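J.: Take a look at this one; I'll ask things after.
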Amino acid sequence: MDHQDLIDKIYEAAFIPELWPDVIQALGAVSHSASGAMLVFDGTMPIGFKATQLLFDTIHNFCTTSAWRESRRIQHFYTNPLSGFALGSEYFPPEIVEEDERLLKLKKLGFHDYAGTIIPMPTGEIVVFALHRKIDDDAFSKRELDGLNEFYGHLARSSLMSARLRLQQAHATAAAMAAFGLPAAVLTNSGRVLSTNLLLENMPDVFVPLAHGRMCIGDTETNKLLQEVINAQQAGAEPSVRSVPLMSRNNIEPMVVHALPLRRSAHDVFSGGDILIVASPVTASSMVPSPTILMGLFDLTPAETKVSMALASGKSLKEAALENHVTVKTARSYLERIFAKTGTRQQSQLVALLKSTAAPGNRTG
1 MDHQDLIDKI
11 YEAAFIPELW
21 PDVIQALGAV
31 SHSASGAMLV
41 FDGTMPIGFK
51 ATQLLFDTIH
61 NFCTTSAWRE
71 SRRIQHFYTN
81 PLSGFALGSE
91 YFPPEIVEED
101 ERLLKLKKLG
111 FHDYAGTIIP
121 MPTGEIVVFA
131 LHRKIDDDAF
141 SKRELDGLNE
151 FYGHLARSSL
161 MSARLRLQQA
171 HATAAAMAAF
181 GLPAAVLTNS
191 GRVLSTNLLL
201 ENMPDVFVPL
211 AHGRMCIGDT
221 ETNKLLQEVI
231 NAQQAGAEPS
241 VRSVPLMSRN
251 NIEPMVVHAL
261 PLRRSAHDVF
271 SGGDILIVAS
281 PVTASSMVPS
291 PTILMGLFDL
301 TPAETKVSMA
311 LASGKSLKEA
321 ALENHVTVKT
331 ARSYLERIFA
341 KTGTRQQSQL
351 VALLKSTAAP
361 GNRTG
């Protein structure tokens, strides 16, 4: 499966969850892993999973018995945010690994280290991806982790839909859009609106109806970015970003507008639609810092996320560079890419975006 085929499959799996094992297997090919799994949590409780054959029984046991209650890995994430894919052996402290029943069972089955990520959803769920290697395999390389991170943003957006649907298949447009619990619309590649849900219709100042069945975003900059996404898809190209910010204004909470492609089976589920527009809140919980969420929403790399975290905490660009052991020139190049991905133009705008998404008890200034 080539790079673009895998991206298409990731978005298709959002609405056809039986395809997630194929996606996981393809990610395993990218990272030379033997097997893998995807788990969805509500807080620390698993509410669904998908796994390849070698891991299915172990993951099923973890999710359906008291084993998940005894695991400390999700609690560790809340206090130690993770940016992108990392090695389990490096991210989790030895005392957590050594007492984790699931990891001990996998070791008995011949599995060793794994590459994984924990993605907090802006709606409160957490999605975990883990790709395991056999004991006799070589260690994961930085290049392989970087290869997985190329799909991180796509996985985050698709996982948001899967989490909202509770890993259930979407069978019809109206039912799916109601199940999202988020403002949503289905568009054709030309931008014509085929369907909307009530949540979106109740926000006419944000999602503005236009002539000929079209729609725009009330904020000029956000609408410009969204139209670039639609134009790229219409041209058959993969847009540079698929999520654009809508800053807080006029008593409207900040949101991120996502444009997900509806291809293959998903195209049929949504009555021939080509693009799903979904708006998600970006207010972080008290336990998950907003930059961690923003990494998934805006395709920020781990390095870009660390710089954005430093800036959000009030540090200067020079201080952010020093903290992350890079030159000021490198940090500035990160900042330029962050601007492009978040639709901001100045450092003050970026910091305002990050602060506007902080949990109420964690806001400063």
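Note that the UniProt record's numbering has the sequence shown beginning at 1, numbered continuously upward.
Cβ atoms here follow ideal geometry from the backbone N, Cα and C, with glycine treated the same way.
All values reported here derive from a predicted model rather than from experimental measurement.
Answer with buried or exposed for residue 226, where buried requires no fewer than 16 other C-beta atoms within 10 angstroms of its C-beta.
T.: Locating residue 226 in the sequence shown gives position 226, counting from the first residue. Buried.
J.: Could you tell me the distance, in whole angstroms, from the CA atom of residue 31 to the CA atom of residue 312?
T.: What you label residue 31 is simply residue 31 of the sequence shown in a count that begins at 1. What you label residue 312 is simply residue 312 of the sequence shown in a count that begins at 1. For residue 31 and residue 312, the distance between alpha carbons rounds to 32 Å.
J.: Hey, would you say the C-beta of residue 232 is under 7 Å away from at least one heavy atom of the ligand SAH?
T.: Among the ligands in the structure shown, none appear at all, so the ligand SAH cannot be discussed.
J.: Please name the residue in 91, 114 and 191 whose C-alpha comes closest to that of residue 234.
T.: As a working note, residue 234 is residue 234 in the sequence shown. Ranking the options by Cα distance to residue 234, first place goes to 191.
J.: Does the Cβ of residue 237 have 16 or more other Cβ atoms within 10 Å, making it buried, or fewer, making it exposed?
T.: Numbered from its first residue, the sequence shown carries residue 237 at position 237. That one is exposed.
J.: With a floor of 4 residues, list each alpha helix (DSSP H) that falls wholly inside the stretch 324-356, ordered by position along the chain.
T.: Listed in chain order, the complete alpha helix (DSSP H) runs (minimum 4 residues) inside the stretch 324-356 are 328-342 and 347-356.
J.: Could you work out which residue in 330, 16 and 207 is closest to residue 219 when comparing CA atoms only?
T.: Within the sequence shown, residue 219 is the residue found at index 219, counting from 1. When only C-alpha atoms are compared, the closest one is 207.
J.: Could you tell me whether the stretch 53-71 touches the stretch 98-108, where touching means 3 or more Cβ pairs closer than 8 Å?
T.: Enough Cβ pairs lie closer than 8 Å, so yes.
J.: Between which residues of its own chain and residue 83 is the CB-CB distance below 6 Å, once the five residues before and five after are set aside?
T.: The sequence position of residue 83 within the sequence shown is 83, counting from 1. Around residue 83: 295, 302 and 305.
J.: Would you mind sorting residue 441 into buried or exposed? The rule is 16 or more other CB atoms within 10 Å of its CB.
T.: With the chain covering only 1 through 365, there is no way to say anything about residue 441.
J.: With three or more beta-carbon pairs closer than 8 Å as the criterion, would you say the stretch 123-142 touches the stretch 162-172?
T.: Touching, per the Cβ criterion.
J.: Please classify residue 183: does DSSP put it in a helix, a strand, or coil?
T.: Sequence index remark: in the sequence shown, residue 183 carries index 183 (1-based). Coil at residue 183, not helix or strand.
J.: Who pairs with residue 195 in a beta bridge, going by DSSP?
T.: Position 195 of the sequence shown, counting from 1, holds the residue named residue 195. In DSSP, residue 195 forms a bridge with 186.
J.: Pull up the distance between the alpha-carbon of residue 86 and that of residue 62, whole angstroms please.
T.: One-based indexing of the sequence shown puts residue 86 at position 86. One-based indexing of the sequence shown puts residue 62 at position 62. Cα to Cα, the separation comes out at about 22 Å.
J.: With a Cβ-Cβ cutoff of 8 Å, do residue 76 and residue 96 count as a contact?
T.: Taking the first residue of the sequence shown as 1, we reach residue 76 at position 76. Taking the first residue of the sequence shown as 1, we reach residue 96 at position 96. Yes, the pair counts as a contact, with Cβ atoms nearer than the cut-off.
J.: Here's a check: name, in chain order, each residue in its chain whose Cβ is nearer than 6 Å to the Cβ of residue 135, leaving out the five neighbours to either side.
T.: Residue 135 sits at position 135 when you count from the first residue of the sequence shown. These residues qualify, in order along the chain: 110 and 112.
J.: What's the call for residue 50, buried or exposed, on a 16-neighbour Cβ count within 10 Å?
T.: The residue given as residue 50 occupies position 50 in the sequence shown. So residue 50 ends up on the buried side.
J.: Which residue from 72, 107 and 106 puts its Cα closest to that of residue 93?
T.: Within the sequence shown, residue 93 is the residue found at index 93, counting from 1. When only C-alpha atoms are compared, the closest one is 72.
J.: Output the boundary residues of the alpha helix (DSSP H) element that contains residue 266.
T.: Numbered from its first residue, the sequence shown carries residue 266 at position 266. Per DSSP, residue 266 belongs to the alpha helix (DSSP H) from 265-269.
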